[in-house]
Amino acid sequence: MNEIINKVANSTLLVFDLEDFYPTGIRTQIDIAQWLEEGFLLKENNFREELKNHDWSHYQNHFVAIHCSTDAILPAWATILVTVHLQPFAKKIILGKKEEIDTLLYSEILQQIDYSIYQGKPVILKGCSKKPVPESAYIFAIQNLQKVAKSVMFGEACSAVPLFKASK
């Protein structure tokens, strides 16, 4: 009987799994419209009073996205003032939707990784994940891996799609 050999396990192939870098924490979205008159009109005194009376401790250690769900035209200082109140509690604050939090976090995390272990090696950029890894994270990852890897494939070892091969 022929022995079954796991060629993938015996190869120099390295797996780059973005799920390994997923930042844990609660993602929260704050809608400024809740503090506007009828969701559209910002009255400065009322707005300031609403922010002052809001319990910001609910956002302790959250990643927070500030946005406005209505078409209200807001002065730039409105979101900045919300940030002032959030800053003592939140881990990170962005202007945008909740989905954009992970894009920013991955951008920051992937800039700080030491990619030298992938130098001259074939790499698989793992495609499946149980966590909500944004597509943009794959874009950030391939840009960094391309600088050092011999080749980069996407997916799983058994069915990888070639993406990049360094010129010789």
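Each residue of the sequence shown is one higher than the one before, starting from -9 at the first, in the numbering used here. Each residue gets a CB set at the ideal place from its N, CA and C atoms; glycine is no exception. Owing to the predicted nature of the structure, the values given are computational and were not obtained by experimental measurement.
**OP:** Put Q50 into one of helix, strand or coil per three-state DSSP.
**Re:** Q50 falls in the coil class under three-state DSSP.
Original post:
At which residues does the alpha helix (DSSP H) containing Q19 begin and terminate?
Top reply: Counting along the chain, Q19 falls outside any alpha helix (DSSP H), though it belongs to the beta strand (DSSP E) covering 17 to 21.
Original post:
Hey, how far is the Cα of K155 from the Cα of K140?
Top reply: Taking the straight line from one Cα to the other gives about 6 Å.
Subject >> Inter-residue CB distance, K81 and F53 (contact presumed, cutoff 8 Å) >> reply: Separation of the CB atoms of K81 and F53 is rounded to 6 Å, and the pair is thereby assigned contact status at 8 Å.
Original post:
Between S126, E125, P124, S119, which lies nearest to V5 when the distance is taken from Cα to Cα?
Top reply: That would be S119, whose Cα lies nearest to the Cα of V5.
Subject >> Own chain, CB closer than 8 Å to L85, minus 5 neighbours either side, in chain order >> reply: Cβ-Cβ distances below 8 Å link L85 to A55, I56, H57, T69 in the same chain, with the five nearest sequence neighbours on each side left out; the list follows chain order.
Original post:
Which full runs of the beta strand (DSSP E) of 3+ residues lie inside the stretch 31 to 92, going along the chain?
Top reply: Listed in chain order, the complete beta strand (DSSP E) runs (minimum 3 residues) inside the stretch 31 to 92 are 53 to 57, 82 to 85.
Original post:
Hey, P124 and D92 are a contact pair by Cβ (cut 8 Å); roughly how many whole angstroms apart?
Top reply: Indeed they touch by this definition, with Cβ atoms about 5 Å apart.
Original post:
In three-state DSSP terms, what is E125?
Top reply: Note: E125 maps to helix in three-state DSSP.
Original post:
In three-state terms, what does DSSP make of I107?
Top reply: Residue state, collapsed to three classes: helix.
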